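**Student:** Here's a structure for you.
2 protein chains.
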Amino acid sequence: MIISHNLKMYVQKLRSSNLRPTKQRLKICQFLFDRKKTFHFTVEALNKKINKNVATKVSLATIYNTVEAFTNAGYLKEILTSKNKSYYDTNIKSHHHFYDEGSKELTDIHYSQIKLSRVPVPPKGKKIKNLEVVIRIQK
Amino acid sequence: MIISHNLKMYVQKLRSSNLRPTKQRLKICQFLFDRKKTFHFTVEALNKKINKNVATKVSLATIYNTVEAFTNAGYLKEILTSKNKSYYDTNIKSHHHFYDEGSKELTDIHYSQIKLSRVPVPPKGKKIKNLEVVIRIQK
DNA sequence: TTCTAGTTTAGAATTATTATAAACTAAGTA
DNA sequence: TACTTAGTTTATAATAATTCTAAACTAGAA
Ligand SMILES: [Mn+2]
Ligand SMILES: [Mn+2]
Ligand SMILES: [Zn+2]
Ligand SMILES: [Zn+2]
Chain A
1 MIISHNLKMY VQKLRSSNLR PTKQRLKICQ FLFDRKKTFH FTVEALNKKI NKNVATKVSL
61 ATIYNTVEAF TNAGYLKEIL TSKNKSYYDT NIKSHHHFYD EGSKELTDIH YSQIKLSRVP
121 VPPKGKKIKN LEVVIRIQK
Chain B
1001 MIISHNLKMY VQKLRSSNLR PTKQRLKICQ FLFDRKKTFH FTVEALNKKI NKNVATKVSL
1061 ATIYNTVEAF TNAGYLKEIL TSKNKSYYDT NIKSHHHFYD EGSKELTDIH YSQIKLSRVP
1121 VPPKGKKIKN LEVVIRIQK
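First to last, the protein sequences are chains A and B.
With our numbering, you'll find the first sequence wraps up at 139, consecutive numbering, no jumps.
With our numbering, you'll find the second sequence wraps up at 1139, consecutive numbering, no jumps.
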């Protein structure tokens, strides 16, 4: 068994967000963040991957709780693009996506790859919270 | 009871899409399309409004069936922006939206109000199906 | 070691949506 | 007009994603 170099970092990270570094949360941290590329996922998919070929499973409720906690703590970003299912993204920087309607997969588009040269003013009293573009693609 | 000027038009419209002009479909057509401004709605909201203070209700299943049929026929556009709930739009032209996270309401942004001066090329073998921007706003 | 607030868990509940199948009806034909 | 039937409506069941509940467990402070 390979111990993540980053384990201590995750412990600190969790503590700094007032989240106890439990076995389950650390396992999910390692799975989500011990990687170089952005990871996009649904809770269903994460649950399958986390619990594939393991002796002690993390419960689905904990996967949901943890993804929500990590999103609130700013470790993950929620992407609303699909009917009836939330996607999450380990890339928390502001950026855009391709959403493939066939494979139902998200791909990053770097923020600088889309130039919005004209953006409307929001209604009175309202502020823009988020301006990230999802480009739907298909074969 | 005021008879919609457009009733005959709706009958034709439905027939041209191979949809029988039933009482229920015509009632829903009048409710959705006898108006000047774009109407954005969820099925839940439409169901409430259609069945408010009426003797004979349209069943929820029919509301779902009809909204799906109208979307397939191109009378409505589906807007995926909210968690776990689909929105529909009587404005079928390509256009953008503000989505108010507080009131959970959509507002149109005319297509010309957002200028995308740089758009990335889709992955090989994939085509852009849709490029409509949702700007999330809040107080 | 003890204590407790925070966490995990199985399972129930909820919400949005889709499927099922019986009753009904639009509309073509005799 | 009556007959016929494919299409439609409807109540209800089923499904899928998510959230809630409450009991058991545990991290970490004292
Ligand atoms: Mn759903
Ligand atoms: Mn849901
Ligand atoms: Zn991303
Ligand atoms: Zn609109």
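Where is the CB? At the ideal position from N, CA and C, for every residue including glycine.
In this text, all values refer to a predicted model and were calculated from it rather than measured experimentally.
Under 9 Å, CB to CB, which of the residues in the stretch 72–91 of chain A have a partner in chain B?
**Tutor:** Flagged, chain order: E78, L80, T81, S82, K83, N84, K85 and S86.
**Student:** On the DSSP letters alone, give me the boundaries of the beta strand (DSSP E) that R1025 of chain B sits inside.
**Tutor:** No beta strand (DSSP E) contains R1025 of chain B, which is instead part of the alpha helix (DSSP H) from K1023 to F1033.
**Student:** Report the residue ranges of all alpha helix (DSSP H) runs contained in full by the stretch 48–94 of chain A; include only those spanning at least 4 residues, in chain order.
**Tutor:** 60–73, all fully within the stretch 48–94 of chain A.
**Student:** Listed from N- to C-terminal order along the chain, which residues in the stretch 1100–1121 of chain B have their beta-carbon within a distance smaller than 9 Å of any beta-carbon of chain A?
**Tutor:** Taking 9 Å as the Cβ-Cβ cut-off against chain A, the residues of the stretch 1100–1121 of chain B that qualify are D1100, E1101, G1102, T1107, I1109, H1110, S1112, Q1113, I1114, K1115, L1116, S1117, R1118, V1119 and P1120.
**Student:** So the alpha helix (DSSP H) S117 of chain A belongs to, where does it begin and stop?
**Tutor:** From DSSP, S117 of chain A is part of no alpha helix (DSSP H) but of the beta strand (DSSP E) over K115 to R118.
**Student:** Apart from the five residues on each side of it in sequence, which residues of its chain come closer than 7 Å, Cβ to Cβ, to T1140 of chain B?
**Tutor:** There is no way to answer for residue 1140 of chain B, as the model of chain B reaches only from 1001 to 1139.
**Student:** Using the C-alpha atoms, what's the distance from F1033 of chain B back to A1073 of chain B?
**Tutor:** Their backbone Cα atoms lie some 14 Å apart in a straight line.
**Student:** If you count every other CB in all the chains shown that lies within 10 Å of the CB of V1054 of chain B, and 16 or more means buried, which is it?
**Tutor:** It is exposed - the Cβ of V1054 of chain B has fewer than 16 other Cβ atoms within 10 Å.
**Student:** Consider the Cβ of Q1030 of chain B: report whether some Cβ of chain A lies at a distance smaller than 7 Å.
**Tutor:** No, Q1030 of chain B does not count as interfacial toward chain A.
**Student:** Are the stretch 77–92 of chain A and the stretch 1072–1091 of chain B touching by the rule of at least three beta carbon pairs closer than 8 Å?
**Tutor:** Enough Cβ pairs lie closer than 8 Å, so yes.
**Student:** Assign E1105 of chain B to one of three DSSP states: helix, strand, or coil.
**Tutor:** Note: E1105 of chain B maps to strand in three-state DSSP.
**Student:** Cα separation between I92 of chain A and R35 of chain A?
**Tutor:** Their Cα atoms are separated by approximately 14 Å.
**Student:** Is the closest heavy atom of ligand 4 to the C-beta of N1130 of chain B under 6 Å?
**Tutor:** No; taking the cut-off as 6 Å, the Cβ of N1130 of chain B has no heavy atom of ligand 4 nearer than that.
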